[in-house]
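Position in the sequence shown (first residue = 1) + 1117 = my numbering.
Take a look at the structure set out below.
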Amino acid sequence: MSDIIQLLPDAVANQIAAGEVVQRPASAVKELIENAIDAGADKIKLIVKDGGKSLIQLIDNGCGMSITDARLCFERHATSKIRKADDLFAIRTMGFRGEALASIAAIAHVELKTRRVEDELGTRIEIAGSEVVRQEPEALPAGTSISIKNLFYNIPARRNFLKSNAVEMRHILEEFQRAALAYPTIYFTLHSDGQELFQLPAESLKQRVVHVFGNSYNQRLVPVEEETTIINLNGFIGKPEYAKKTRGEQYFFVNNRFVKDPYLNHAVVKAYEGILAADSFPLYVLFIEIDPAKIDINVHPTKTEIKYEDERAIYAILQSAVKRSLGRYNITPTLDFNQETGFSRMISPKPLEEITPPSITFNPDYNPFDNSKPSEGRRSSPIPDQWQTLYQITEKRTDIQLPLHGEEHGRVVESTRPTRKQPFQLHNRYIMSQIHSGFILIDQQAAHERILFEQFRQQQENRQGASQQSLFPQTVTFSGSDFQLITDLLPDIRALGFQIREFGKNTFVVEGIPADLTTGLDEREVLDRLLEDYKHNQSQLKLPKREQLARSLARHAAIRPGTELTTEDMADLIDRLFACEMPNVSLNGKPIILTFTLQELMERFER
Ligand code: ADP
Ligand code: MG
């Protein structure tokens, strides 16, 4: 019997390869854009018709091709980007596999027009099903234009698999946006069915992000920047309060290549822990620069996956950088640091981990009953009268602000307590405070919750909660299961400031409760509510148990709308709020502070 193995004809091999490289019009778009970028273009124009099914045309002003190259580029494994295997680990170009054009030419009608600047005449080639139909010289502008018509014309199964034009267009848009974000200095335009969808002039990354996503994003972005020996990181993350219900706006670029990376995504999301509403996804557009020798891009033909040599270190760097940015910029952007606003202490000159957190010490001399109105007791004021002496924020806080970089910042710090207009309470609900550029409105309840929450968390860390002694210790008896639950939580409950110990069967004696409780509940009620909340949240939120307890207690202890505050109460609240790590995000991820600028006011008054 004769031998039966034969080499496949190129056209068939290319068609098979095409299955991997080109799944849909958007994949072809991606390859064409990458080629234009590799060709050094700074102007890229994309035109599509019918979701890319009838036409995808890409016009660039890159280096163009010679007559021979124009012919060769459609051969499989034809590439100008690598020459030897070693080059695979020094890849700086988007393409390198040399199979995109060969694949596309196997499954569509392709027309290539190209001219190098140094050539007088350009070349036009028509190719279909891997066969060159025509090649001729033509007078052309410098650069390259490739048209892909009737994608999958010779693979009906594939063509039938394509989704509606609208769906295919969405995929194309996604590819286009990735490229546009990755290369803000390239001028991009996109036309679809005769309509201009994007025109993005060369610009900064921030402008590009705003152009791609919309004007309102201007104030949603927080810059991230980090230089380390392993990677350089830069880009923007979204403020937590603007996180969306869908995952859409999340972009990683490694050496300017868009990648999907659940592991790195996890690092970013982890940095948002505790400040995002459940099931919401923060925006990020982050660029990682890394030595190409330390990664392997050649994991998949579409090149959206990467293997890293030092994955864990990258995870850690990413997480801490994002966290730091969130901490540092977590204030409304219009607060003007260059002026005397009193919020200067929010600027941390050093990375947060170098800063020792302010330690809270318990003042043993504090006596809640040392009060001129003993009958009303400790709960007469929404914020305990002597809370300042109760919690001595250790004075270190002042030296951690110094020295600041830059002159303007130095100026701010000189005035530790700048003159400020008195805050004003609106409807016993919001606090209005003037700032340099306008005014802010603070939701008093949300603010107090945030303050207490962070304070409780700190106490839990230090295992030391400030407590107020009860006049008459109370015994509280629980059901068997609740008793067990409290016993399990005892160290954490104590850390919140409860003085509580076991007292026989299913019973505790409570000798003190957290110092900041202002709700007028008694020991039993406080514990009951805490427990109830805890059980409820446990099933709903899946937070670590300490965080959950701190949350519940903060909720119960915080002042409610309708509580009248004195000017001092308000000033204290503002000070404490701005000393928080996340002053602007409420416990359920909503804003605490709204900023109104003079500019806005003037516009509204139409001046
Ligand atoms: P790869 O990009 O992996 O090298 P492609 O099949 O995408 O493979 O392209 C093959 C070659 O064709 C490239 O290496 C490049 O030399 C050339 N080429 C493709 N598109 C362009 C373009 N827009 N401008 C200049 N040269 C191009
Ligand atoms: Mg390519």
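Even glycine gets a Cβ: it sits at the ideal position worked out from N, Cα and C.
When the Cα atoms are used, what is the spatial distance from A1158 to A1667?
To locate residue 1158, count along the sequence shown from 1; it is residue 41. To locate residue 1667, count along the sequence shown from 1; it is residue 550. If I take the Cα positions, the gap works out to 55 angstroms.
Go ahead and label T1261 buried or exposed: buried means 16 or more other beta carbons lie within 10 angstroms of its beta carbon, across all protein chains shown.
By 1-based counting over the sequence shown, the position of residue 1261 is 144. T1261 should be labelled buried.
Might you give, ordered along the chain, the residues of its own chain that have their beta carbon closer than 8 angstroms to the beta carbon of G1181, omitting 5 neighbours on each side?
Sequence index remark: in the sequence shown, residue 1181 carries index 64 (1-based). Correct list, in chain order: A1156, T1231, R1232, R1233, V1234, D1236, G1239, A1259, G1260, T1261.
Sorry if obvious, but does the Cβ on A1128 come closer than 7 angstroms to a heavy atom of the ligand ADP?
Numbered from 1 along the sequence shown, position 11 holds the residue referred to as residue 1128. Outside the cutoff, so no.
In chain order, which alpha helix (DSSP H) runs of at least 4 residues are fully inside the stretch 1259-1306?
1273-1278, 1282-1299
Among V1371, K1424, A1360, Y1432, the one whose alpha carbon lies nearest that of H1383
Translated into positions along the sequence shown, residue 1383 becomes position 266. That would be Y1432, whose Cα lies nearest to the Cα of H1383.
Three-state secondary structure (DSSP) of L1469:
Taking the sequence shown and counting its residues from 1, one reaches residue 1469 at position 352. Here L1469 scores only 37 on pLDDT, less than 50, and its place in the model is too uncertain to base an answer on.
C-beta contact flag for L1338 and G1555 at 8 angstroms:
What you label residue 1338 is simply residue 221 of the sequence shown in a count that begins at 1. What you label residue 1555 is simply residue 438 of the sequence shown in a count that begins at 1. No, the pair does not count as a contact, with Cβ atoms beyond the cut-off.
Going by beta carbon distance, what residues of the same chain come within less than 6 angstroms of P1520, once the five residues before and after it are set aside?
Here residue 1520 refers to the residue found at position 403 when the sequence shown is read from its first residue. Below a pLDDT of 50, predicted positions are generally treated as unreliable, and P1520, at 31, falls in that range; no measurement from the model is reported.
Whose CA, out of I1173, E1292, F1722, lies closest to the CA of D1310?
Counted from its first residue, the sequence shown places residue 1310 at position 193. Closest by alpha carbon: I1173.
In or out: N1484 buried (at least 16 other Cβ within 10 Å) or exposed?
Mapped onto the sequence shown, residue 1484 falls at position 367. Note that N1484 scores a pLDDT of 44, beneath 50, so its modelled location is shaky; the value from the coordinates is reported in the next line. Under this definition N1484 is an exposed residue.
Return yes when the C-beta of D1236 is under 7 angstroms from any heavy atom of the ligand ADP, and no when it is not.
As a working note, residue 1236 is residue 119 in the sequence shown. Not under cutoff, so the answer is no.
Three Cβ pairs or more, each shorter than 8 angstroms: is that satisfied between the stretch 1247-1256 and the stretch 1272-1290?
no
So if DSSP puts T1240 in a beta bridge, which residue, or which two residues, is it bridged to?
By one-based count along the sequence shown, residue 1240 stands at place 123. Beta-bridge pairing links T1240 to T1231, P1254.
Should K1362 be labelled buried (16 or more other beta-carbon atoms within 10 Å of its own) or exposed?
Position 245 of the sequence shown, counted from the first residue, corresponds to residue 1362. That one is exposed.
Quick check on the DSSP output: the beta strand (DSSP E) that includes L1403 runs from which residue to which?
Taking the first residue of the sequence shown as position 1, residue 1403 is located at position 286. L1403 -> beta strand (DSSP E) spans 1401-1407.
Own chain residues within Cβ distance below 7 angstroms of G1179, not counting five before or after
Along the sequence shown, one-based indexing puts residue 1179 at 62. Cβ neighbours of G1179 beyond the five flanking positions: A1153, A1156, G1157, A1158, G1260, T1261.
Is E1192 near the ligand MG, with its Cβ less than 7 angstroms from a heavy atom?
Start at 1 with the first residue of the sequence shown, and residue 1192 comes out as number 75. Result no, Cβ not under 7 angstroms from the ligand MG.
Just to check my reading of the structure: A1696 and F1570 have Cβ atoms closer than 8 angstroms, yes? What is that Cβ distance to the nearest angstrom?
Walking along the sequence shown from the start, residue 1696 turns up at place 579. Walking along the sequence shown from the start, residue 1570 turns up at place 453. The pair is not a contact, with the Cβ atoms about 13 angstroms apart (cut-off 8 angstroms).
Residues around the ligand MG, please: the condition is that the C-beta lies closer than 6 angstroms to some non-hydrogen atom of it.
E1148, E1151, N1152, G1212, A1217
Between which two residues does the alpha helix (DSSP H) harbouring V1439 extend?
The residue you call residue 1439 lines up with position 322 of the sequence shown. Element bounds for V1439: 1428-1445.
Below 8 angstroms CB to CB, which residues in the same chain sit around T1196 once its five sequence neighbours on both sides are set aside?
On the sequence shown, position 79 is the one that residue 1196 refers to. Contacts found: G1212, F1213, R1214, G1215.
If I'm right that H1288 touches R1141 with Cβ under 8 angstroms, what's the distance once you round it to whole angstroms?
Working through the sequence shown from its first residue, we reach residue 1288 at position 171. Working through the sequence shown from its first residue, we reach residue 1141 at position 24. Contact holds; Cβ gap of about 6 angstroms.
According to DSSP, is I1709 helix, strand or coil?
As a first step, residue 1709 must be located in the sequence shown, where it is residue number 592. Coil.
Within the chosen definition, does the stretch 1332-1347 reach the stretch 1386-1398 through at least 3 CB pairs nearer than 8 angstroms?
no
In terms of residues, what are the limits of the beta strand (DSSP E) holding D1127?
Working through the sequence shown from its first residue, we reach residue 1127 at position 10. Run containing D1127: none in the beta strand (DSSP E); it sits in the alpha helix (DSSP H), 1127-1138.
Buried or exposed by the 16-neighbour rule on C-beta atoms within 10 Å, applied to H1653
Within the sequence shown, residue 1653 is the residue found at index 536, counting from 1. When all chains shown are included, H1653 counts as exposed.
Close beta carbons around I1184, own chain, < 7 angstroms, minus the five adjacent residues each side
Indexing the sequence shown from 1 puts residue 1184 at position 67. Same-chain partners within the cutoff: T1240.
Excluding the 5 residues preceding and the 5 following E1228 in the sequence, name in chain order all residues of the same chain whose CB lies nearer than 6 angstroms to its CB.
Working through the sequence shown from its first residue, we reach residue 1228 at position 111. Cβ neighbours of E1228 beyond the five flanking positions: E1243, S1264.
According to DSSP, is H1194 helix, strand or coil?
Within the sequence shown, residue 1194 is the residue found at index 77, counting from 1. DSSP places H1194 in coil when its eight states are reduced to three.
N- and C-terminal bounds of the beta strand (DSSP E) containing E1618:
Residue mapping note: residue 1618 aligns to position 501 of the sequence shown, counting from 1. Note on residue identity: the sequence assigns Arg, not Glu, to residue 1618. Residues 1616-1619.
Using only CA atoms, which one of D1127, P1254, R1546 lies nearest to P1678?
As a first step, residue 1678 is located in the sequence shown; it is residue number 561 there, counting from the start. Ranking the options by Cα distance to P1678, first place goes to R1546.
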